[in-house]
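See structure below.
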Amino acid sequence: MQCEGNKTYNQPFNCPICKMDLQPLETSASKIENTDGISEESIFNLTSNWNTEEGEQILLKDLKGKTLVMVMIYTSCKAACPRLVADMRNIEAQIPDNKIDQLNFVLISIDPKTDTPERLKSFAIENYMDDPQWTFLQGTETGVREFANVLAVKYKQISPIDFSHSNIISIFNPKGELIHQQEDLGVDNTETIDAILRLTN
Amino acid sequence: MKDHVFRLLIFIIISQTKLFGQSENMVFIQGSRYIPLYGRDSTVVEVKDFEMDIFPVTNVQFLEFVKQYPKWQKSKALKLFTDQSYLLNWKNDFELNDTEKQNSPVTYVSWFAAKDYCECQGKRLPTIDEWEYAAMADQTSRDARLKPEYNKQILAWYETPKTNENLIGKNQKNVWGVYDLHGLVWEWTLDFNSVLITGESRKDVDKDNNLFCGSAAVNATDLMNYAAFMRYAIRGSLKAKYAMKNLGFRCVKDTKPQP
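As they're listed, the protein sequences go chains Y and B.
In this text, residue positions in the first sequence follow full-length UniProt numbering: the first is 1, and each later residue adds one.
In this text, residue positions in the second sequence follow full-length UniProt numbering: the first is 1, and each later residue adds one.
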């Protein structure tokens, strides 16, 4: 519920409109490093298993070390996903060539039953996304649901072949911490590009 | 004497059925097809047979869990999985606030913690469809949604503050034998993030066509069912790391096919 937009109070109290308890604002995250050298907020804490389009089995932490540009899609999608894929390619095209190897563009399927590694591989080839900077992931249904929740991505299967889903592109730094999210389709991606370039040397 | 033997026999039969048919503190829910408020294309969905916890998970049960799985202790839970309200009503890793009761439902838990709790018991969180299906029953019928009294009672609860502080099992059980689906706390569901409406319903008219591809499919079947609408709206506004004072959970399990 958005009662008064971003209005804040300096006392713990109930919201005067919806009467729910006011929640403390998240203070700038204290980053406690754990033994793996990743912070508490890193997506590398997730332990789910994933298959790549090359048929390799990986954990998310295997993606450590590169700036990650991530989006959730499914390959049978005819409505928004082609535009999401286009947005990803558009972002990729704006990254200077000498920085591209610091990045990994990751497309995660929300339809792991249909989107096998083989299918993801052919999708990659058809869409000219088969260079090393592109990665496609197939997870388990729970793993995908959990990862979507980390990204605050919503999705729902609405027919045997179609899903409704949020259109969100997320940028993670090389330690797996969420830096920026771009919502909606075909939006001005200046901020997203800036966020990526700030993360590269 | 004959009577005695007969009773003993009945007792054995019943306890045997219980032993094989059902897990402890869970009841069997016979699946069926029904029309939820929001479904796939707003049509009939099929719910398969499952078992459901009779009660929501309590403070003391969650305490046992965090003793066994330290990563979910208040001081150790990762920020990726919890917000600052996680177990806010607990004094420390192993003690509730003095005002809290052991057999009240555990609240201030994130979806990640709830999901892991169920998985560690060999169970899982219910899907929205399963939860709504079990919760459309009242004391006497499996689908009470058209009874004015059923809706009135739920709405009356929504208006009652602090029911999360009550003990489990004080509400009447429904026809399946499940307690407290209404009247105590809201509950996490496995796929709560499949609700493509925001908490602010006025925004949902047409604006989200870009944000949610296919959002035309999320039309409600019966807008008079305001209580259910509230539940979907709440689910739509949640994020998985949120911990709220009136949001708890219970677990379910797939049933093994009967031999």
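Glycine included, every Cβ here is placed at the ideal spot set by N, Cα and C.
Bear in mind the structure is a predicted one, so any value in this text is a computation, not a measurement.
In this model, Leu120 of chain Y and Pro70 of chain B are separated by some 38 Å (Cα to Cα). Cβ contact annotation for Trp131 of chain B (same chain, cutoff 8 Å, sequence separation greater than five): Leu181, Glu187, Thr189, in chain order.
For Lys74 of chain B, no Cβ of chain Y is located within less than 7 Å of the residue's own Cβ. It is roughly 25 Å from the alpha-carbon of Lys152 of chain B to the alpha-carbon of Thr127 of chain B. In the structure shown, the three-state DSSP call for Tyr34 of chain B is strand. For Ser194 of chain B, the chain Y residues whose Cβ falls inside 7 Å of its Cβ are Lys154, Tyr155, Lys156, in order along the chain.
The beta carbon of Asn49 of chain Y sits no closer than 7 Å to any beta carbon of chain B. When secondary structure is reduced to three states using DSSP, Trp134 of chain Y falls in the strand class.
Exclusion of the five residues before and after Lys64 of chain Y leaves Ile38, Phe44, Pro174, Lys175, Gly176 as the residues of its chain whose Cβ lies within less than 8 Å of its Cβ. Along the stretch 71-104 of chain B, the positions whose C-beta sits under 8 Å from a C-beta of chain Y are Leu78, Lys79, Leu80, Phe81, Asp83, Gln84, Ser85, read in chain order.
For Gln182 of chain Y, the enclosing beta strand (DSSP E) has its first and last residue at 178-183. Proximity of Asn14 of chain Y to chain B, defined by a Cβ-Cβ separation below 7 Å, is not satisfied.
In the structure shown, Asp53 of chain B adopts extended strand secondary structure according to DSSP, grouped into three states. For Pro112 of chain Y, same chain residues with a beta-carbon under 7 Å away, outside a window of 5 residues either side, are Gln138, Gly139, Thr140, Glu141, Val144 in chain order. Taking C-beta atoms as the reference points, Thr135 of chain Y and Gln102 of chain Y fail to come closer than 7 Å.
Using a Cβ distance threshold of 7 Å, Ala240 of chain B and Tyr108 of chain B do not count as a contacting pair.
Residue pairing by DSSP places Ile58 of chain Y opposite Y:Trp50 in a beta bridge. Here Phe62 of chain B has Val106 as same chain residues with Cβ atoms under 6 Å from its own Cβ, once five neighbours each way along the sequence are excluded. Taking a contact to require three or more Cβ pairs closer than 8 Å, the stretch 185-197 of chain Y and the stretch 86-96 of chain Y qualify as touching. Leu197 of chain Y has its alpha-carbon roughly 19 Å from the corresponding atom of Ile168 of chain Y. Of the candidates Y:Thr52, Y:Met70, Y:Glu41, Y:Ile171, Y:Ile171 places its Cα closest to the Cα of Thr200 of chain Y. One thing to note: Asn25 of chain B has its Cβ no nearer than 7 Å to the Cβ of Thr58 of chain B.
Across the structure, Trp111 of chain B and Phe55 of chain B are spaced so that their CA atoms are roughly 18 Å apart.
Lys239 of chain B belongs to the set of residues whose beta carbon lies under 7 Å from a beta carbon in chain Y. Burial check for Glu53 of chain Y: the Cβ neighbour count within 10 Å reaches 16 or more, so the residue is buried. Judged by DSSP in its simplified three-state form, Ser122 of chain Y adopts helix. Cβ-Cβ separation between Glu51 of chain B and Val252 of chain B: approximately 6 Å, consistent with a contact (criterion under 8 Å). Sixteen is the threshold: when 16 or more other Cβ atoms of the shown chains lie within 10 Å of the Cβ of Arg250 of chain B, as they do, the residue is buried. Gln30 of chain B sits away from Asp53 of chain B, with the two beta carbons spaced by 7 Å or more. Proximity of the stretch 160-169 of chain B to the stretch 143-152 of chain B falls short of the contact definition, fewer than three beta-carbon pairs being nearer than 8 Å. Residue state for Ile154 of chain B is assigned as helix, using DSSP reduced to three classes. The continuous beta strand (DSSP E) containing Gln157 of chain Y extends over residues 155-157. Under the 7 Å criterion on CB atoms, Asn149 of chain Y is classed as interfacial with respect to chain B. Here Pro105 of chain B is bridged, per DSSP, to B:Thr58.
Between the alpha carbons of Asn51 of chain Y and Gln57 of chain Y lies a distance of about 5 Å.
For Val150 of chain Y, the enclosing alpha helix (DSSP H) has its first and last residue at 141-151.
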